[in-house]
Each structure stands twice: as C-alpha cells, then as structure tokens.
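One gets our numbering by counting positions in the sequence shown from 1 and adding 2 to each.
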Amino acid sequence: MARIVLKFGGTSVGDIERIKNVARRVKREADAGHGVAVVVSAMAGVTNQLVGLVNQISPLHDAREYDAVVATGEQVTVGLLALALQELGVSARSWTGWQIPVVTDNVHGKARIQRIDTAELERRFDDGQVAVVAGFQGVGPDNRITTLGRGGSDTSAVALAAALGAERCDIYTDVDGVYTCDPRIVAKARKLDKITYEEMLEMASLGAKVLQTRSVEMAMNHRVRVQVLSSFADAPGTLVVDEDEIVEKEVVSGIAYSRDEAKITLTKVADRPGVAAAIFGPLADFGVNVDMIVQNVSDDGKSTDLTFTVTRADLDRAIKVLKENRNGLDFKELRPDAGVVKVSVIGVGMRSHAGVALTMFKTLADKGINIQVISTSEIKISVLINEQYLELALRALHTAYGLDAA
Ligand code: ADP
Ligand code: ASP
Ligand code: MG
C-alpha cells in the first residue's frame with residue numbers, strides 16, 4: 003500500500019464549504035487504496051488572531067504559553083476535517099502533535115522536529131483509517147506543546163512524509179504551484195512545472211512564503227517528493243526535484259522578496275580589529291539574526307560607517323542591545339530604517355553564466371531605484387531597496403530576465 007501525505011493550508015480550510023471540498027479530495031485518495039495522512043493548518047486568519055490575543059496580554063510573552071494558545075487553531079481544523087470525512091463514509095480520526103507524538107526540541111515558537119513515531123498511524127492505515135494530523139505543532143522534552151514557526155504546517159507535512167517513507171507529499175494551497183515570482187504582485191509570473199530543491203530553498207528563505215524554508219530543507223535531506231498545487235483546481239502543480247531532473251536550466255528561475263527587513267547604520271565606528279565582534283557578538287547573544295552587512299572603506303583610516311539588516315520584528319531589540327552594550331563599541335550615531343525590502347533573483351544556471359548581477363543592477367538603475375546593500379551566493383543575488391519601489395523592481399526584473407508569461 004502506497005502511503006501519501008496531503009497538506010492543506012489555511013485558505014484551503016478557510017470555511018465549512020472548503021473543509022468539505024478537502025474531504026472530497028481526501029476521499030478520492032483513500033478510495034484509491036492509499037494509506038493517507040492529511041496535515042492541516044488553522045482556518046485562514048485564525049493563527050494571526052491567536053497571536054494578537056497573546057500580544058494583547060503580554061507583548062514579551064512566555065513562549066511556552068504562546069505555543070499553548072497559537073497551536074489551538076489546528077486542533078479545530080483536524081476535528082472538523084475528521085468529521086467531514088466521516089460524513090462521507092470515510093473512516094478518519096484527528097491527531098494533535100502530542101498524541102502522535104511529533105517530538106521536537108524545546109525552542110518554543112520555533113521548534114524543530116526531532117522524530118515522529120508513526121507506528122500507530124501505520125497500523126491504522128492497514129485498517130483503512132485516514133489520519134488527520136494537526137500541522138504546526140509538536141511536543142517538547144518538557145512535555146509541553148511546541149509550535150514550529152509561522153507557516154510550519156508545511157514542515158509538519160514533509161516531516162511526516164519522510165517518517166512514513168511516503169511516495170509523495172502534496173502541498174495544497176491557494177495558488178496552483180510555485181511561480182517565477184509572487185503571482186499576487188507580478189501578474190505576468192509564470193507557473194513552474196519543476197523547481198530544484200536548492201532553488202526552492204533559496205526562494206523560501208528569501209521570502210517566498212509558498213513553502214516554509216525548513217520544509218524544503220527537510221524535503222531535500224530526505225528526498226521527499228513534494229508537489230505544490232491548488233486545492234481549488236484539478237491540475238498538476240509544481241514538483242520540487244533534483245537538479246538532474248531539469249533539462250533546460252534557466253539562468254534565473256525565480257525572483258523573491260521580503261518585506262520583513264530593517265536596516266541599521268552605525269556611523270563613525272572605529273576602524274580597528276575586534277569592532278565587528280563587539281557589534282555582532284551582543285546581537286547574537288540576544289538572539290538577533292543579522293543578515294546583510296556592508297562596511298565602507300574609511301577615508302582617514304580611523305572610522306567607518308557600518309550597515310546591516312535584521313528582521314523588522316528584531317529591530318527594537320537590536321537597537322536596545324546596541325545602545326546598552328556600548329562597552330568597546332564606539333560609534334557616533336545609530337540610524338534605524340524599517341522602510342526597506344530585500345529583492346533576490348535565484349537560479350542554478352547562475353553558476354555557469356556571467357552578467358546576471360549586471361542585468362539586475364542596470365535594470366534597477368534604469369528605473370531610478372537606488373541599491374542600498376548587495377549580497378550574493380552561488381545561486382542568488384539579493385539587494386536591499388526602499389520599500390516604495392518593491393513592485394516596480396519586481397516587475398522590471400521579471401521582464402529583464404525574460405520570465406514574463408507569453
Ligand atoms: P497556505 O496557507 O496554503 O500555506 P501561504 O499563504 O502560506 O498558503 O502560501 C501561498 C502564498 O504564497 C500564495 O498565495 C502567494 O501569494 C505566495 N507566494 C509568494 N511567492 C510565491 C511564488 N513564487 N509562487 C507562488 N506563490 C507565492
Ligand atoms: N497556522 C500556522 C500559521 O498560520 C501554520 C501554517 O499555516 O502553516 O503560521
Ligand atoms: Mg503556508
């Protein structure tokens with residue numbers, strides 16, 4: 003018996019009609035004789051609402067209680083979907099994270115899955131029972147509920163597929179696949195039939211929220227066959243595959259963006275050994291992740307300006323840490339700027355092609371868009387720009403790299 007995992011996101015289970023629609027799809031797979039596990043998210047908007055409630059009581063909350071609250075959205079949808087399946091005559095039961103159990107580490111709010119015990123699910127597959135599993139959650143070493151970070155149901159699904167040795171892991175969402183760019187911003191974006199794990203990993207980590215980054219990492223490590231497709235249409239979606247499965251390699255296969263960026267510039271930082279450590283050490287100690295960094299050459303050899311980026315959520319904390327840890331850290335001014343976005347072009351073909359960065363820089367220059375920070379890796383180039391130019395930049399780059407749909 004082939005085992006398959008199907009995952010449905012928040013919009014796909016956004017109301018009762020949609021849950022019934024999901025149940026009909028699941029029934030088709032169960033009727034085909036597969037062992038089926040379905041992973042579901044909370045109904046659209048519910049997790050945001052729960053996070054809002056937590057923040058109203060306690061902005062600097064105890065992460066364990068945050069998890070206890072925000073994990074409840076998925077408990078509702080697993081129950082409702084199990085009922086909808088039963089109404090269709092399909093044997094089904096709901097499972098929360100701790101019931102399976104999905105064992106995670108103790109990093110509440112951002113936990114990582116360590117292992118999933120699938121023995122009981124597999125026994126029930128043999129009896130024809132569909133498992134409806136709550137995404138986004140697990141149980142930590144302290145026996146308390148954990149959550150996997152926003153968008154974490156994707157990771158629950160891929161992890162479950164890996165643990166079950168599933169034949170495929172279908173991620174149903176509100177778009178019919180992975181596009182060359184977010185189709186909600188770039189109308190000419192094209193659906194990709196296939197994308198490599200590596201490109202998908204970059205796309206996700208650079209902001210394309212269609213899959214959570216960790217889910218792609220996990221799929222790549224365990225070679226899980228992931229397909230992204232629409233829960234509202236009957237059409238093939240996008241397969242995430244190994245590089246050798248792609249014959250025609252594009253130089254640039256996608257463009258991603260992230261609005262979750264903030265920039266900090268420290269002016270007149272002393273230009274001597276140990277300064278970078280004095281700045282980034284305390285930030286790391288307080289859990290602030292730094293992404294892009296530029297340091298200017300100093301005119302006088304004594305001081306320089308240093309610019310780096312953090313997530314918007316971390317901006318206030320970063321400012322506080324830098325102001326309170328000025329020991330060994332000399333700077334004149336701290337200039338924060340939350341009005342920036344990061345735009346990245348991604349493609350495995352970049353490895354063997356020159357001039358990709360030049361096209362990006364020229365295209366942005368032609369539109370009068372100033373580049374504030376640049377960072378590159380083997381298969382991506384990212385730039386930081388003013389947020390007001392985001393849409394203009396995405397559309398211009400999409401055209402410049404020949405990605406526009408015909
Ligand atoms: P779900 O609730 O099903 O998990 P998400 O909202 O997390 O869905 O992810 C789907 C959304 O990702 C789409 O609605 C789309 O706006 C966005 N998105 C961003 N970049 C891309 C891309 N390159 N291809 C497809 N969708 C993208
Ligand atoms: N419900 C969670 C969230 O909104 C997990 C998910 O949807 O993947 O982040
Ligand atoms: Mg999602």
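Glycine is no exception: its CB is placed at the ideal position from the N, C-alpha and C atoms.
Bear in mind that the values here come from a model prediction, so they are computed numbers and not experimental data.
Given a cut-off of 7 Å, decide if A280 and L331 are closer than it, judged by their beta-carbon atoms. Along the sequence shown, one-based indexing puts residue 331 at 329. Along the sequence shown, one-based indexing puts residue 280 at 278. Taking 7 Å as the Cβ cut-off, L331 and A280 qualify as a contacting pair.
Taking only runs of the alpha helix (DSSP H) that begin and end inside the stretch 119-198, which ones reach a length of at least 4 residues, in chain order? 121-128 and 155-166
Taking the C-alpha atoms as reference points, what is the distance between D302 and S379? The sequence position of residue 302 within the sequence shown is 300, counting from 1. The sequence position of residue 379 within the sequence shown is 377, counting from 1. If I take the Cα positions, the gap works out to 31 Å.
Of all the beta strand (DSSP E) runs that stay within the bounds of the stretch 322-379, which reach a length of 3 or more residues? 335-348 and 375-379
Cα-Cα, which of A39, N291, S354 and K196 is closest to R125? On the sequence shown, position 123 is the one that residue 125 refers to. Considering only alpha carbons, the answer is A39.
Any chance you could list the alpha helix (DSSP H) runs of at least 4 consecutive residues sitting entirely within the stretch 41-91, in chain order? 48-59, 65-72 and 74-89
Residue closest to V350, alpha-carbon to alpha-carbon, out of Y259, V243, L392 and F138: The residue given as residue 350 occupies position 348 in the sequence shown. Per the Cα distances, V243.
Is there contact here, the stretch 67-85 with the stretch 137-147, by at least three beta-carbon pairs under 8 Å? yes
Please report the distance separating the alpha-carbon of F234 from that of R26. The count along the sequence shown starts at 1 and reaches residue 234 at position 232. The count along the sequence shown starts at 1 and reaches residue 26 at position 24. Looking at the two C-alpha atoms, the distance is approximately 12 Å.
Grab me the residues of K382's own chain with a C-beta within less than 7 Å of its C-beta, minus the 5 sequence neighbours each way, in chain order. As a working note, residue 382 is residue 380 in the sequence shown. Answer for K382: E204, L208, S346, V347 and I348, listed in chain order.
Close Cβ partners of V226 (< 6 Å) along its chain, the five nearest in sequence each way excluded: Indexing the sequence shown from 1 puts residue 226 at position 224. Counting only Cβ-Cβ distances below 6 Å, and skipping sequence neighbours, we find V160, A163, A164 and C171.
With three or more C-beta pairs closer than 8 Å as the rule, is the stretch 40-52 touching the stretch 5-21? yes
Give a yes or no on whether the C-beta atoms belonging to A272 and S305 are separated by under 7 Å. The count along the sequence shown starts at 1 and reaches residue 272 at position 270. The count along the sequence shown starts at 1 and reaches residue 305 at position 303. Going by C-beta atoms, A272 is nearer than 7 Å to S305.
Along the chain, where does the alpha helix (DSSP H) containing V24 start, and where does it finish? Position 22 of the sequence shown, counted from the first residue, corresponds to residue 24. First-last of the alpha helix (DSSP H) with V24: I18 to D33.
Answer yes or no: do G154 and T106 have a C-beta to C-beta separation smaller than 7 Å? Working through the sequence shown from its first residue, we reach residue 154 at position 152. Working through the sequence shown from its first residue, we reach residue 106 at position 104. No, Cβ-Cβ distance for G154 and T106 is not below 7 Å.
Between which residues of its own chain and I266 is the CB-CB distance below 8 Å, once the five residues before and five after are set aside? What you label residue 266 is simply residue 264 of the sequence shown in a count that begins at 1. Hits under 8 Å: T309, F310, T311, V312, L317, A320, I321, L324, L336, R337, P338 and D339.
Since L241 sits in a beta bridge, which residues does DSSP pair it with? Taking the first residue of the sequence shown as position 1, residue 241 is located at position 239. Beta-bridge pairing links L241 to K196 and Q229.
I'd like to confirm the pairing. Which residues does DSSP put opposite A395 in its beta bridges? Numbered from its first residue, the sequence shown carries residue 395 at position 393. Per DSSP, none; premise fails for A395.
Quick test of your reading: I376 and I387, contact by CB under 8 Å. State the CB separation rounded to the nearest angstrom. The residue labelled residue 376 in the question sits at position 374 within the sequence shown. The residue labelled residue 387 in the question sits at position 385 within the sequence shown. The pair is not a contact, with the Cβ atoms about 10 Å apart (cut-off 8 Å).
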